[in-house]
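**Q** I'd like to ask some things about the structure below.
Number of protein chains: 2
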Amino acid sequence: MLTMLSKTQLSFLRSLHQKKFRQTYGKFLVEGDKLVRELLTSQFKVDAIYKLPNAHYEIRNRGVEVFDVTQDELSRISTHENPNQVIAVAQMPAPDIEHQTTVIANELVIVCDNLSDPGNAGTIIRTADWFGITKVFFSLNSVDIYNPKVVSSAKGSLFRVKCHYLDLKNLFLANRHLKAYGTFMSGENIYTAPLATHGLIVIGNEANGISHELLPFITDRISIPQFGKAESLNAAVAAGIVMGEFARKN
Amino acid sequence: MLTMLSKTQLSFLRSLHQKKFRQTYGKFLVEGDKLVRELLTSQFKVDAIYKLPNAHYEIRNRGVEVFDVTQDELSRISTHENPNQVIAVAQMPAPDIEHQTTVIANELVIVCDNLSDPGNAGTIIRTADWFGITKVFFSLNSVDIYNPKVVSSAKGSLFRVKCHYLDLKNLFLANRHLKAYGTFMSGENIYTAPLATHGLIVIGNEANGISHELLPFITDRISIPQFGKAESLNAAVAAGIVMGEFARKN
């Protein structure tokens with residue numbers, strides 16, 4: 001049924017464009033047909049769907065409110081210039097407190113240290129999912145992973161990969177039995193370096209690399225050989241090359 | 251000297267935010283301290299620099315006009331919310347007509363087919379530069395590489411790598427002696443496939459891959475092994491993994 005959204009609804013939905021309100025409510029927006037379909041088949045709890053009247057979604061779980069809205073209303077809710085037929089309000093998964101001191105065994109985990117670009121964060125989550133890595137941890141000062149640009153660039157992988165914010169020092173302290181790999185300009189050539197089947201792959205900040213206080217925890221400094229003149233690689237590309245190389249060797 | 255920018259100047263500079271006017275004038279904007287410094291040491295011709303009065307740049311070439319502007323004026327010229335002290339107007343290099351039928355020898359070249367995302371284009375140019383690849387060709391329907399987001403994500407590599415728009419069919423026809431590698435879901439595992447020291451690496455469109463009419467020109471279908479559930483990799487990450495693997499093998 002086509003109902004006009006109330007001012008309160010509109011203002012609530014628009015507030016989710018901002019990190020502050022996403023955190024206050026523990027909710028975030030998922031935009032576009034393909035992503036919403038992936039959301040609806042995931043473990044994530046969905047509060048509501050705002051869709052054009054001619055769009056249809058199969059809702060398997062209780063408690064999802066469905067609203068038919070006009071194109072104009074959709075545009076007002078959306079963070080995109082040209083929204084694609086549907087926007088959902090999803091609940092952030094409860095922070096998994098156990099993970100604060102989690103001990104990792106027999107798997108490869110991505111650790112993002114002060115990662116700041118939302119496109120990079122989403123792309124790293126997507127790439128991890130491609131290579132079968134099921135956990136991506138973020139330092140507390142990293143970008144908000146429920147930022148619409150992260151949600152969109154993760155392409156559904158945000159609903160499959162376990163993403164957590166952690167105090168990374170505690171993580172490293174709890175996992176001293178594991179290798180922690182970091183990329184540096186002057187590390188061991190990643191193509192010839194031995195790479196373990198499990199451990200932590202640390203991705204540093206886009207401008208400054210891995211933060212000073214975490215350097216003592218890095219056990220293996222690796223490096224992607226440079227043949228040309230670019231000063232550095234994009235963080236998500238470097239992460240992709242590293243994950244690919246772990247996959248190739250193991 | 252601090253002079254107020256005229257309305258005509260402001261409107262010209264702001265017009266360069268749009269592809270249409272960049273193409274009309276053959277000029278584009280380069281924003282921010284680091285990028286402008288790289289621009290000034292490159293082969294690119296620079297028309298003008300708009301900078302805050304306390305910022306200093308060494309101008310080696312004639313014909314570069316330097317204007318001191320206020321922070322407010324800088325914000326009005328800029329495509330960024332928080333511009334960083336300087337914006338330059340640079341000239342697009344003249345299209346190198348020779349390249350329309352260029353025959354490639356003894357090198358690896360990146361070919362982007364209908365690439366649409368500016369961040370991906372810039373990142374691919376930057377990654378090519380890292381791996382010592384000196385040419386990146388774009389199909390005529392690819393994103394405008396003088397788009398501010400391409401300029402910014404290429405991080406100076408746009409001034410070093412030769413980037414050209416081409417009719418890709420002509421390029422393939424002129425280079426039938428070379429291997430043309432394309433990534434597909436069901437290609438040969440890139441980690442075990444033989445990779446030549448020179449040839450064309452073709453990067454397809456973000457949503458649709460390599461276009462139908464170019465498929466007959468692909469000599470080697472390669473594939474990045476998928477271990478998890480993501481449907482695909484980001485185009486720039488896939489390109490990075492492929493370039494890295496060519497570098498590793500050669």
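Line by line, the protein sequences are chains A and B. Numbering (my numbering) for the first sequence: 1 to 250. Numbering (my numbering) for the second sequence: 251 to 500. The beta-carbon is built from N, C-alpha and C at its ideal position, and this holds for glycine as well. Values in this document were obtained by computation on a predicted structure and should not be read as measured data.
Given a threshold of 16 other Cβ atoms within 10 Å of its Cβ, counted over all protein chains shown, does Q59 (chain A) qualify as buried or as exposed?
**A** Correcting the residue type first, residue 59 (chain A) is Ile in the shown sequence and not Gln. Exposed is the call here.
**Q** For V353 (chain B), I'd like the list of residues in its chain whose CB is within less than 7 Å of its CB, leaving aside the five on either flank, ordered along the chain.
**A** Excluding residues within five positions, the ones whose Cβ falls inside 7 Å are A424, N425.
**Q** Restricting to Cα atoms, I'd like to know which of A:L215, A:L35, A:S6, A:F21 is closest to V150 (chain A).
**A** When only C-alpha atoms are compared, the closest one is A:L35.
**Q** Can you list, in chain order, the residues of its chain whose CB lies under 7 Å from that of G26 (chain A), leaving out five sequence neighbours each side?
**A** Q91, M92, listed in sequence order.
**Q** Could you please give the first and the last residue of the uninterrupted beta strand (DSSP E) stretch that includes K433 (chain B)?
**A** Position check: residue 433 (chain B) holds Thr in this sequence, whereas Lys was assumed. First-last of the beta strand (DSSP E) with T433 (chain B): 430 to 439.
**Q** Nearest by alpha-carbon distance to D113 (chain A): which of A:L233, A:E81, A:Y165, A:H56 is it?
**A** That would be A:Y165, whose Cα lies nearest to the Cα of D113 (chain A).
**Q** Is DSSP giving S78 (chain A) helix, strand or coil here?
**A** S78 (chain A): coil per DSSP, three-state reduction.
**Q** If you measure from the beta carbon of T329 (chain B) to each beta carbon in chain A, is any gap under 7 Å?
**A** It does not; no Cβ of chain A falls within 7 Å.
**Q** Got a sec, what are the start and stop residues for the alpha helix (DSSP H) I124 (chain A) sits in?
**A** First-last of the alpha helix (DSSP H) with I124 (chain A): 118 to 130.
**Q** Between V89 (chain A) and the rest of its own chain, which residues show a CB-CB distance below 6 Å, the 5 nearest in sequence each way excluded?
**A** Around V89 (chain A): K27, D47, A48.
**Q** If S473 (chain B) sits next to M435 (chain B), beta carbons under 8 Å apart, how far is it from one beta carbon to the other, in whole angstroms?
**A** With 8 Å as the limit, S473 (chain B) and M435 (chain B) qualify as a contact, their Cβ atoms being about 6 Å apart.
**Q** May I ask you to report which of helix, strand or coil DSSP gives Y300 (chain B)?
**A** Y300 (chain B): strand per DSSP, three-state reduction.
**Q** Taking just the CA atoms, how far does L483 (chain B) sit from E231 (chain A)?
**A** Approximately 24 Å, taken between the alpha carbons.
**Q** Consult DSSP for R221 (chain A) and reduce its assignment to one of helix, strand or coil.
**A** Three-state DSSP puts R221 (chain A) in a strand.
**Q** Rounded to the nearest angstrom, what separates Q512 (chain B) and L40 (chain A) at their Cα positions?
**A** Any question about residue 512 (chain B) goes unanswered here, given that chain B covers just 251 to 500.
**Q** Could you tell me how far apart the beta carbons of D470 (chain B) and Y431 (chain B) are, in whole angstroms, since I believe they sit closer than 8 Å?
**A** At roughly 5 Å, the Cβ-Cβ gap stays under 8 Å, so D470 (chain B) and Y431 (chain B) are in contact.
**Q** Interface residues of chain B around S157 (chain A) at Cβ under 7 Å?
**A** A480, listed in chain order.
**Q** Could you check the C-alpha separation between K249 (chain A) and Q293 (chain B) for me, to the nearest Å?
**A** Spanning the two alpha carbons is a distance of roughly 41 Å.
**Q** Between P118 (chain A) and the rest of its own chain, which residues show a CB-CB distance below 6 Å, the 5 nearest in sequence each way excluded?
**A** Excluding sequence neighbours, P118 (chain A) sits near V143, N147, K149, V150.
**Q** Can you give me the start and stop residues for the alpha helix (DSSP H) that A239 (chain A) sits inside?
**A** Its alpha helix (DSSP H) spans residues 235 to 249.
**Q** As an exercise, report each continuous beta strand (DSSP E) stretch of at least 3 residues that is fully enclosed by the stretch 148 to 174 of chain A, in chain order.
**A** Qualifying beta strand (DSSP E) stretches, in chain order: 162 to 166.
**Q** What is the DSSP secondary structure of D318 (chain B), reduced to helix, strand or coil?
**A** Correct three-state label for D318 (chain B): strand.
**Q** How is the alpha helix (DSSP H) around F21 (chain A) delimited, first residue to last?
**A** Counting along the chain, the alpha helix (DSSP H) containing F21 (chain A) begins and ends at 19 to 25.
**Q** Could you please give the first and the last residue of the uninterrupted alpha helix (DSSP H) stretch that includes V136 (chain A)?
**A** Segment 135 to 139 is the beta strand (DSSP E) holding V136 (chain A); no alpha helix (DSSP H) there.
**Q** Rounded to whole angstroms, what is the Cα-Cα separation between A236 (chain A) and S261 (chain B)?
**A** Whole-angstrom Cα-Cα distance: 36 Å.
**Q** What does the Cβ neighbour count give for L428 (chain B), buried or exposed, with the cut at 16 atoms within 10 Å?
**A** Burial call: buried.
**Q** For L390 (chain B) and I110 (chain A), what's the separation of their Cα atoms in angstroms?
**A** C-alpha separation (whole angstroms): 38 Å.
**Q** Could you compute how far the alpha carbon of S265 (chain B) sits from the alpha carbon of N311 (chain B)?
**A** Whole-angstrom Cα-Cα distance: 25 Å.
**Q** What in chain A is Cβ-close to G382 (chain B), meaning under 9 Å?
**A** Neighbours of G382 (chain B) on chain A, chain order: Q226, F227, G228, K229.
**Q** Would you mind telling me which residues of chain B sit closer than 8 Å to L233 (chain A), beta carbon to beta carbon, in chain order?
**A** Near L233 (chain A) (Cβ distances below 8 Å), the residues of chain B are R376, T377, W380, G490.
**Q** Answer with yes or no whether the minimum CB distance from G32 (chain A) to chain B is below 7 Å.
**A** No, because no Cβ of chain B sits closer than 7 Å to the Cβ of G32 (chain A).
**Q** Which residues does DSSP pair with I201 (chain A) in a beta bridge?
**A** Partner(s): A:I110, A:Y181.
**Q** Check whether the Cβ of A486 (chain B) lies closer than 7 Å to any Cβ atom in chain A.
**A** So yes, A486 (chain B) belongs to the interface.
**Q** At least one CB of chain B closer than 7 Å to the CB of Y165 (chain A): is that the case?
**A** Chain B, which has no Cβ nearer than 7 Å to the Cβ of Y165 (chain A), makes this no.
**Q** With 7 Å set as the bound, which would you pick, yes or no: does the beta-carbon of R248 (chain A) sit closer than that to a beta-carbon of chain B?
**A** R248 (chain A) counts as touching chain B.
**Q** If you compare alpha carbons, which of B:Q335, B:F409, B:F467 is closest to L302 (chain B)?
**A** Closest by alpha carbon: B:Q335.
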